[in-house]
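Step one of this worksheet: look at the structure below.
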Amino acid sequence: MNSQIIPNNRMYDWSSFGIKDTTTLNFNSIDLSNYGLYSSGLSPNDSLLLSIISTTSSGSAAGVILNFPAGTYLFNQTISLPGNIVLKGKGADSTILKFDLNGSGHSIEVSGSISSDTTAIIQDIYKDSSSIFVHNTSSFISGDWIRIIQNDGSLINNGWALNTVGQIVRISQVINNKLILSSKLRMNYNTSSQPYIKKIILKENTGIECLKIIREDVSTNQVSNLKFSRTANCWVSGIESDKCNFAHVDVEYSSNHSISKSYFHDAHNYGSGGKAYGVMLHFTSNECLVEDNIFNHLRHSMILQAGANGNVFSYNYSLDPFWTGVFFPSNSAGEIVLHGNWPYANLFEGNDVGNIVVDNSHNANGPHNTFLRNRARGYGIFFSDTSSPGQHFIGNEITN
-19 MNSQIIPNNR MYDWSSFGIK DTTTLNFNSI DLSNYGLYSS GLSPNDSLLL
31 SIISTTSSGS AAGVILNFPA GTYLFNQTIS LPGNIVLKGK GADSTILKFD
81 LNGSGHSIEV SGSISSDTTA IIQDIYKDSS SIFVHNTSSF ISGDWIRIIQ
131 NDGSLINNGW ALNTVGQIVR ISQVINNKLI LSSKLRMNYN TSSQPYIKKI
181 ILKENTGIEC LKIIREDVST NQVSNLKFSR TANCWVSGIE SDKCNFAHVD
231 VEYSSNHSIS KSYFHDAHNY GSGGKAYGVM LHFTSNECLV EDNIFNHLRH
281 SMILQAGANG NVFSYNYSLD PFWTGVFFPS NSAGEIVLHG NWPYANLFEG
331 NDVGNIVVDN SHNANGPHNT FLRNRARGYG IFFSDTSSPG QHFIGNEITN
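Take the sequence shown: its position 43, counted from the start at 1, is 23 in the numbering used here, and no numbers get skipped.
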């Protein structure tokens, strides 16, 4: 790096990340006031809401917006959402979804699926390329989502993170054995690492808006308040999330999400092993935008691991970090954290936090993560892993 100018070969186009399909104009808007939901917070609504979702999402409309009136709604089971649905309240101070799941399950979950369709990549491909050549395109069409996978054992420290250093991308066009991609590639893939693509069936266009989530029960499992797995173009906006176990928002194997204008605070446990996270992006999740949120009293407010790449965290505010079971001061927990297993090419811009940490909890982080014009009010920037070179720190302010 020269004079704080990033060389072109280490640059990425972060301007188009986040949701790419935001239209809900043709969604059917439904007022739930007359559907018999219990709004006192005392009686569970699981079967009622399941019936409403099943009935309303099976119609001919492009999608559905379920408008909750003011009140407190108790749930004892996970709310599993399909694609093309929005849960919307009257505001985080008026509509409350309260979850008591006896220690098992995510509060709200959106999950896609895995296809058996795979094919090998047959030519070396390079960063910034928008096409790949594969062995057989017969199972792939324009609009399909694919995950690029390679033998990444030399980059990964933990078995649970193997095969996550890659990219999730949509096919724009198929020409013979050439696939044109909707996004440029963010790393090189050499055929010696045996790269291949796998089709994934993503749930799309699911939103959570203008409500409060409270997680009542304590769990030793890695369960989250909002779980997105194999999803795309989903969003969280204008919510409050109070007390989590693993994370307030957990995103894996997903692309093009937006998490914005929300308040995430407090947890049931602040120890090690995956607890008290704000927004976690991992397992190849890419092109997500986390912007204009407030995080309060969490172990790690914004955290990436396991091949997360090409994501943007911008203009978020975090305060009062807290962790237990460590020898360091309780307020020294990282609020922006690269956690190892090769997250790469992510941008952190304009965030106001106490502590920024590039750690070695799971060994090496990937290159070209860029920290631009952030403020670190607490212990500043802590870079603990010498095996993670090629990070960018530009114009950051350490006030203490």
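Cβ atoms here follow ideal geometry from the backbone N, Cα and C, with glycine treated the same way.
Cutoff 8 Å; reference residue i; Cβ partners in own chain excluding five residues on either side
i: K192; result: G69, A72, D73, T75, I76, L77, I219, E220, S221 and D222
i: Y15; result: L28 and I32
i: S173; result: Q130, N131 and D132
i: F302; result: Y250, A256, H277, L278, R279, S310, N311 and A313
i: S367; result: N340, N343 and A344
i: D(-7); result: K164
i: N170; result: D104
Nearest neighbour of residue i, chosen from the options [CA to CA]
i: N203; options: D11, F79, G187 and F48; result: Inspection of the sequence shows that residue 203 is occupied by Val rather than by Asn. Closest option to V203, Cα to Cα, is F79.
i: H376; options: S367, R353, S235 and F363; result: Reading off the sequence, residue 376 comes out as Asn, not His. Considering only alpha carbons, the answer is R353.
i: C268; options: P(-13), S(-5), R(-10) and F308; result: S(-5)
i: V338; options: Y297, H280 and G146; result: H280
i: S265; options: L61, S367, W125 and P369; result: W125
i: S91; options: F263, R357, Y359 and S234; result: S234
i: V333; options: F307, V66 and L299; result: L299
i: D97; options: F120, N82 and S109; result: F120
i: F385; options: D272, D246 and T211; result: A question about residue 385 goes unanswered here, because the residues of the chain that appear run from -19 up to 380.
i: T379; options: A356, S217, Q371 and G370; result: A356
i: Y359; options: P49, I316, F7 and L327; result: I316
i: T58; options: I180, I148, N205 and Q153; result: N205
i: S109; options: S294, G123, G83 and K158; result: K158
i: N326; options: F307, L81 and N291; result: N291
i: I194; options: Y243, E184 and G187; result: Y243
i: E271; options: F307, W215, T36 and A247; result: W215
i: P175; options: G346, I105, E196 and I101; result: I101
i: T3; options: A247, E232, Q285 and A42; result: A42
i: T99; options: N116, S111, I105 and N201; result: N116
i: T35; options: S294, N138, N201 and L12; result: L12
i: G346; options: W140, Q371 and N331; result: Q371
i: N296; options: N170, T304 and I283; result: I283
i: N200; options: Q285, N82, S95 and S118; result: The question names Asn, but residue 200 in the sequence shown is Thr. Here the closest residue by C-alpha is N82.
i: E232; options: N6, W140 and F48; result: W140
i: K0; options: R150, N289 and P323; result: R150
i: D246; options: C224, S252, G253 and N6; result: C224
Start-to-end residues for the alpha helix (DSSP H) that takes in residue i
i: D26; result: D26 to T36
Sequence-distant residues of the same chain with beta carbon closer than 7 Å to residue i, five excluded per side
i: F373; result: F351 and I361
i: N143; result: I129 and D132
i: P24; result: L54, F55 and N56
i: S93; result: I181 and R210
i: G146; result: R127, I128, I129, Q130, T264 and G287
i: S152; result: S122, I160, L161 and S162
Contacts around residue i, its chain only, beta-carbon distance under 6 Å, and the 5 residues preceding and following it disregarded
i: S341; result: H319 and G320
i: M167; result: K107
i: F363; result: V338
i: R(-10); result: H348
i: Q103; result: F113
i: I136; result: L142 and N321
i: K207; result: H86, E89 and D230
i: G(-2); result: S238 and L269
i: E184; result: G63, A212 and N213
i: G187; result: V66 and W215
i: K241; result: S217, G218 and D272
i: N8; result: A41 and V44
i: F48; result: L12, G69 and T75
First through last residue of the beta strand (DSSP E) which encompasses residue i
i: V154; result: Q147 to I155
i: N8; result: F7 to D11
i: A356; result: R355 to F363
i: T350; result: T350 to L352
i: E329; result: L327 to E329
i: D124; result: Taken as a continuous stretch (DSSP letters only), D124 belongs to no beta strand (DSSP E), as it is neither H nor E.
i: H319; result: I316 to G320
i: M(-9); result: Where M(-9) is concerned, there is no enclosing beta strand (DSSP E), given that its DSSP letter is neither H nor E.
i: N340; result: D332 to H342
i: V292; result: V292 to S294
i: T52; result: G51 to F55
i: L46; result: G43 to N47
i: S60; result: I59 to L61
i: I274; result: I274 to N276
i: K0; result: From DSSP, K0 is part of no beta strand (DSSP E); its letter is neither H nor E.
i: F373; result: H372 to I374
i: I(-14); result: Looking at the DSSP string, I(-14) is not in any beta strand (DSSP E), and its letter there is neither H nor E.
i: Y297; result: Y297 to L299
i: L284; result: H280 to L284
Heavy atom of the ligand ADP within 6 Å of residue i beta-carbon
i: I45; result: Ligands displayed in this structure: none; no statement on the ligand ADP is therefore possible.
Problem set entry | 3-residue-minimum beta strand (DSSP E) runs that sit fully inside the stretch 94 to 120, ordered along the chain | 111 to 113
For this session: For the stretch 257 to 274 and the stretch 226 to 246, state whether three or more C-beta atom pairs, one from each stretch, are separated by less than 8 Å.
Result: yes
For this session: Go through the stretch 230 to 272 residue by residue and report every complete run of the beta strand (DSSP E) that reaches 3 residues or more, in order.
Result: 238 to 240, 243 to 247, 257 to 262 and 269 to 271
Exercise. Along the chain, which unbroken stretches of the beta strand (DSSP E) at least 3 residues long are found entirely within the stretch 156 to 215?
Worked result: Runs of the beta strand (DSSP E) inside the stretch 156 to 215: 158 to 161, 176 to 181, 186 to 189, 192 to 195 and 206 to 209.
Problem set entry | Every unbroken beta strand (DSSP E) within the stretch 64 to 97, with a cutoff of 3 residues, ordered by chain | Along the length of the stretch 64 to 97, whole beta strand (DSSP E) runs at least 3 residues long occupy 65 to 68, 75 to 79 and 88 to 91, reported in chain order.
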